[in-house]
Each structure stands twice: as C-alpha cells, then as structure tokens.
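I have placed the structure first, in the form of structure tokens, so that the comments after it can refer back to it.
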Amino acid sequence: MEKIKVSNRCVKCDFSAYNFNDKRLSLGRKNLSRANLNKAKLKHLDLAGVNLRRATLIGSNLRGSNLRNSHLERANLSFSQLVRADLRGGNFRKANFEHADLTLANLSGEEKKNRSNFARASFVGSRMVKANIVNANLKRANFYQADLKGSNLEKSKLQRANLAEANLSYVNFTSADLRKVNLMGASLTYANLSHADLRKANLQGANLMGANLEDCNLQGAIMPDGSIHQ
Numbered sequence: 531m532e533k534i535k536v537s538n539r540c541v542k543c544d545f546s547a548y549n550f551n552d553k554r555l556s557l558g559r560k561n562l563s564r565a566n567l568n569k570a571k572l573k574h575l576d577l578a579g580v581n582l583r584r585a586t587l588i589g590s591n592l593r594g595s596n597l598r599n600s601h602l603e604r605a606n607l608s609f610s611q612l613v614r615a616d617l618r619g620g621n622f623r624k625a626n627f628e629h630a631d632l633t634l635a636n637l638s639g640e641e642k643k644n645r646s647n648f649a650r651a652s653f654v655g656s657r658m659v660k661a662n663i664v665n666a667n668l669k670r671a672n673f674y675q676a677d678l679k680g681s682n683l684e685k686s687k688l689q690r691a692n693l694a695e696a697n698l699s700y701v702n703f704t705s706a707d708l709r710k711v712n713l714m715g716a717s718l719t720y721a722n723l724s725h726a727d728l729r730k731a732n733l734q735g736a737n738l739m740g741a742n743l744e745d746c747n748l749q750g751a752i753m754p755d756g757s758i759h760q
C-alpha cells in the first residue's frame, strides 16, 4: 500500500476523484479549506477536526467517515455519500447537503456547549432516514422534500427552518424548538411532537395522522386546515 504525505496546510488543493482509501494517512486536523474533493473516496477515514471550509466534495464517498468536531462551513457536499458518518460537534453552517445520503448518520450535539451547527445548511432532497440529530443547531436550515423518516431530532433547534413537503414520518421531535417552522405539505404521520414548541409554525396541508401532540405548544400555528390555533 502506497504511503503518502499531505501537508498540514493545503489550501485550494485539487484532490478530485482521488482515492484516499488506498493510502495510509490521516487527514484529521489538516487545513484543506477550499480544496477540490469532488468524487473523492474518503470512506471510513479519520477526518476529525479537519478544516474543509468552502471545500467542494460533490459526489464524494464519506461513508462511515469520522468528521467529529470538523469545520465545513459553506462546504459543498451535494450528492455525497455520508451513510453512517459521524458529524458530531462539527460546524457545517451554510453547508450544502442537497441530495446527499445521510442515512443512519450521526449529526448530534454532544452537549450544549458543543452543539453541532447546521444553521442555514441546505438538505434539499437529501436522504436522512434514521439519522441521529439530537441537540443540533438547525436554525433556518432547508429540508425541502428531504426524507427524514424515523430520524431522532429530540431537543434540536429548528427555528424558521424549511421542512415543506419533507417526509417526517415517525420522526422524534420531543422537546424540539420548531417555532415559525415551515411544515407545509409535510408528512408527520406517527411523528412524536410531545413537548415541542410549534408556536407560529405553518402546518397547512401537513399530514398529522397518528402524530403525538401531547403537551406541544401550538399557539398561533397555522393548522393543516388553514385555521390558526389559539
């Protein structure tokens, strides 16, 4: 197996279609900001603490990779494979995950002071089935037509997020902050919304069949039939 070196700082480097899985190396804590990693093979690699700010990873394979406490603000991960990847504690503010596969991925915040940051990130059309997204910052994130079936978003912050037409069946929103969230046309069948804050949320056209609404706050919310909850 070939052994290569990647310098600690490799800004704007071109690793497109590169197969890192054939090399013996760790990219953890490296500075690869603005690097081109489109279609790169990074499966099961240790990327903990890596700096990939504004990097492009379109169509890359990151299955099972360790991205804990990494920095990917404004990175482009559209169409990438992140099945079972560990993204805990990372900063993904304004990152692009459109049409990516995050099935069974872990996006949770480990504690209040180390909450995973996905504020304003885009998950349009992404697959996030059974993902673990507990205690994460998802404020103003865009989940339009995303598939989150069976995912756990307990205690996550989703103020003003867009979840229109998303598949939220069997999702756990226990104690989540969903104030002013757009849930128009979303499927919330058998979702758990107990103790969630849905004040001024828009649920017009949403499917709430079998959903648990125990002790949730719906003050000022637009209900599926268009009425406003008092």
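For reference, each letter of the sequence shown is one residue, going 531 to 760 in our numbering. Just so it is clear, CB atoms sit at the ideal spot from N, CA and C, and this is done for glycine as well. None of these values were measured; they are calculated from a predicted model.
Nearest-angstrom Cα separation, counted from residue j out to residue i
i, j, result
"GLY756", "SER595", "44 Å"
"ILE752", "ASP707", "16 Å"
"ASN747", "ALA651", "26 Å"
"GLY589", "ASP631", "10 Å"
"GLY715", "ALA694", "6 Å"
"THR704", "LEU683", "7 Å"
"LYS553", "LEU567", "15 Å"
"ARG623", "ASN549", "27 Å"
"SER556", "LEU575", "7 Å"
"GLU603", "GLY579", "13 Å"
8 Å contact criterion, which residue i and residue j should meet: CB distance rounded
i, j, result
"ARG670", "ALA649", "6 Å"
"ASN591", "ASP616", "With a Cβ gap of about 15 Å, ASN591 and ASP616 do not count as contacting."
"SER724", "ASP745", "6 Å"
According to DSSP, residues forming a beta bridge with residue i
i, result
"LYS687", "ASN667, ASP707"
"MET591", "Note that residue 591 is Asn in the sequence shown here, rather than Met. According to DSSP, which records beta bridges pairwise, ASN591 is partnered with LYS571, GLN611."
"VAL559", "Note that residue 559 is Arg in the sequence shown, not Val. Note: ARG559 sits in no beta bridge, so no partner."
"ARG539", "ASN561"
"ASN581", "ASN561, HIS601"
Any non-hydrogen atom of the ligand COA closer than 7 Å to residue i Cβ
i, result
"LYS624", "Looking for the ligand COA in the displayed structure turns up nothing, as the structure carries no ligands at all."
> Which full runs of the alpha helix (DSSP H) of 4+ residues lie inside the segment 609–665, going along the chain?
Replying inline: none
>> Under 8 Å, with one C-beta from each stretch per pair, do the segment 688–698 and the segment 629–648 reach the 3-pair mark?
In response: no
> In chain order, which beta strand (DSSP E) runs of at least 3 residues are fully inside the segment 715–743?
Replying inline: none
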